[in-house]
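Enquirer:
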Amino acid sequence: MPSPRTMDQLNSERAAFWAALAEEMAEADSAERTGQEQHFALGDDLLDGRLRMVMSVSQDKTSVYLVARSDAAKRWVSTHLAALQTELRAAGPGDKTNVAAGRWFRRDDKKNVVTLRSRWPEMRRWLRAQHATFQQAACAVQKDTD
């Protein structure tokens, strides 16, 4: 486990990164932010904003995944899992541990880490692209079911 000083530095880097990203992405929900994670709604009209993409940044990777923040959103994901998989061009919804925890379609980027500020522009680009991809997929599936 990192030392308290190292953890303080890491938390400081994360806070600075989230602040920089928030300037670019109005979709960021600062009410649903931990040090490591930031939640982004996938369209206000989609399940009352309860379907989210979570971005996670750490010292060893950057990740994104889909989460449902209500029972209705969980049922929607379960019902449309195959269509979401197709839209996201994913091999599957994820490993058993992530799916059991309600994290679907996890994607990791191991070359972009929060401790390397020189990688932040690429991290922000990748996260914005992932948000657009997840939002487009969820909206396409919703449109096909209306």
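Take the numbering used here: the last position of the sequence shown gets the number 539, and nothing is skipped along the way.
A virtual CB, placed ideally from N, CA and C, is assigned to each residue, including glycine.
1) Would you kindly check if the distance between the Cβ of His-432 and the Cβ of Arg-443 is under 8 Å?
2) Rounded to whole angstroms, how far is the Cβ of Ala-530 from the Cβ of Leu-474, which I believe are closer than 8 Å?
3) Could you tell me whether the Cβ atoms of Gln-523 and Arg-500 are closer together than 8 Å?
4) Excluding the five sequence neighbours on either side, which residues of its own chain have a C-beta within less than 7 Å of the C-beta of Gln-528, listed in chain order?
5) So who's on the other strand from Met-446, going by DSSP bridges?
6) In this structure, does DSSP put Arg-499 in helix, strand or coil?
7) Taking the alpha helix (DSSP H) that Thr-538 belongs to, which residues open and close that run?
8) Alpha carbon to alpha carbon, how far is Ser-471 from Met-418?
9) Write down the C-beta distance between Gln-429 and Arg-407 rounded to the nearest angstrom, noting that I regard them as a contact closer than 8 Å.
10) Let me know the secondary structure DSSP gives Val-507 once reduced to three states.
Expert: Checking against the coordinates, here is how it stands:
1) no
2) Contact flag wrong, Cβ pair sits at about 12 Å.
3) yes
4) Leu-435, Gly-436
5) Phe-433, Leu-459
6) strand
7) 513–538
8) 28 Å
9) 6 Å
10) coil
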